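Colleague: Per numbering that gives the first Met the number 0, the very first residue in the sequence shown carries number 0; after that it's consecutive.
Note that the Cβ used here is the ideal one computed from N, Cα and C, for glycine as well.
All values derive from a computational prediction rather than experimental measurement.
I have a structure I would like to understand better, so I am pasting it below and will then ask my questions one at a time.
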Amino acid sequence: MRTLFSVSADFRELLPVVESRGRFGGDQHEKQDSGAGGEQDKATGNDLKIKFMAMLGSLLLFIMFSMGNTEVGIDKNCHYGWTPFGDRCYKFFSQSISWIAAERKCIDQHANLASVHSELENDFLLSLVPSSKRCWFGVHDGVQEGAWLWSDGTPYDYTNWCADEPNNINVENCGEISWTSDRCWNDAGCSASVGYVCAKDL
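This is the structure in structure tokens:
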């Protein structure tokens, strides 16, 4: 396929010639040529018209494919304020709210409270959260005590619980990611007000 620049150059070169011959769209005021010379001019004008339309069609196809490729590229970027890691985007929110309110806030952003599936991902999340700030993430056992799940439905395949946690003291069904100076996981009462981190797919 021609590039945009080559098509545009041909278009600019061809258009004045077509217009000068009065063959693009027809010229009702052109005098009829007589003899072989007139017929030859008509044939040349028709050839130029066909070539011009072919060039224009190629240009339109190129623009359509270019726009499609651009849209795909945009879809693969995180929105402003979100940080990429792997195939997901993350954002920490400092507002202190309950776990369920935090999950709802994430859903409003087309996200969920963040899930964690590796030590690298855990360390990345901690890098988003100020060391002095408690922070909700997506783990909970609200359906059945001790059966921990992620709110985004992904597999529960990695943990980083603090020593002697989770312990369910006074009913603790929701998880926070940055507990004490060890910055490990803790189960807490879901009504506690702390910050939160959301995650969504690219």
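Between the stretch 126-141 and the stretch 80-92, do three or more beta carbon pairs fall short of 8 Å?
Modeller: With a cut-off of 8 Å, the stretch 80-92 and the stretch 126-141 count as touching, because enough Cβ pairs lie within range.
Colleague: Secondary structure at R87, three-state DSSP: helix, strand or coil?
Modeller: The answer is strand: DSSP assigns R87 an E or B state.
Colleague: Do G137 and L112 have their CB atoms nearer than 8 Å?
Modeller: In contact: G137 and L112 (Cβ atoms closer than 8 Å).
Colleague: Alpha carbon to alpha carbon, how far is E164 from D140?
Modeller: Going by the C-alpha atoms only, they are around 13 Å apart.
Colleague: For a quick check, are the C-beta atoms of D186 and N169 less than 8 Å apart?
Modeller: For D186 and N169, no; Cβs fall outside 8 Å.
Colleague: Taking all protein chains shown into account, do 16 or more other C-beta atoms lie within 10 angstroms of the C-beta of L124, making it buried, or fewer, making it exposed?
Modeller: The residue in question, L124, is buried, as its Cβ has 16 or more Cβ neighbours within 10 Å.
Colleague: In three-state DSSP terms, what is D176?
Modeller: Position check: residue 176 holds Ile in this sequence, whereas Asp was assumed. Three-state result, I176: strand.
Colleague: Among D122, K199 and G145, which has the Cα closest to the Cα of D181?
Modeller: Cα-wise, what sits closest to D181 is D122.
Colleague: Please report the distance separating the alpha-carbon of C183 from that of I176.
Modeller: Going by the C-alpha atoms only, they are around 6 Å apart.
Colleague: Count the other CB atoms, across all protein chains shown, that sit within 10 Å of the CB of A162; report buried if there are 16 or more and exposed otherwise.
Modeller: Flag for A162 reads exposed.
Colleague: Could you tell me which residues DSSP pairs with C134 in its beta bridges?
Modeller: G194.
Colleague: Let's see if you can read the secondary structure: which residues bound the alpha helix (DSSP H) around W203?
Modeller: Examination of residue 203 is not possible in this model, given that the chain is present from 0 through 201 alone.
Colleague: Whose C-beta lies closer than 8 Å to the C-beta of N68 among residues of the same chain, with five residues either side of it excluded?
Modeller: Only weak support exists for where N68 lies, its pLDDT of 44 falling under 50; the value from the coordinates is given anyway. The answer is none, since no qualifying residue turns up.
Colleague: Among the residues of its own chain, which have a CB less than 7 Å from the CB of S192, if the five just before and after it don't count?
Modeller: Closer than 7 Å at Cβ, skipping near neighbours: S95, I96 and S97.
Colleague: Tell me, please, which residues DSSP counts as bridged to F92.
Modeller: Note: F92 sits in a beta bridge opposite Y195.
Colleague: Might you give, ordered along the chain, the residues of its own chain that have their beta carbon closer than 8 Å to the beta carbon of S117, omitting 5 neighbours on each side?
Modeller: Y157.
Colleague: At what residues does the alpha helix (DSSP H) containing C77 begin and finish?
Modeller: Taken as a continuous stretch (DSSP letters only), C77 belongs to no alpha helix (DSSP H), as it is neither H nor E.
Colleague: Give every residue of the same chain whose Cβ lies closer than 6 Å to the Cβ of D86, excluding the five residues on either side of it in the sequence, and list them in chain order.
Modeller: Cβ neighbours of D86 beyond the five flanking positions: L201.
Colleague: Mind checking if H109 is an interface residue toward chain B, Cβ cutoff 8 Å exclusive?
Modeller: Among the chains of the structure shown, chain B does not appear; only one protein chain is present.
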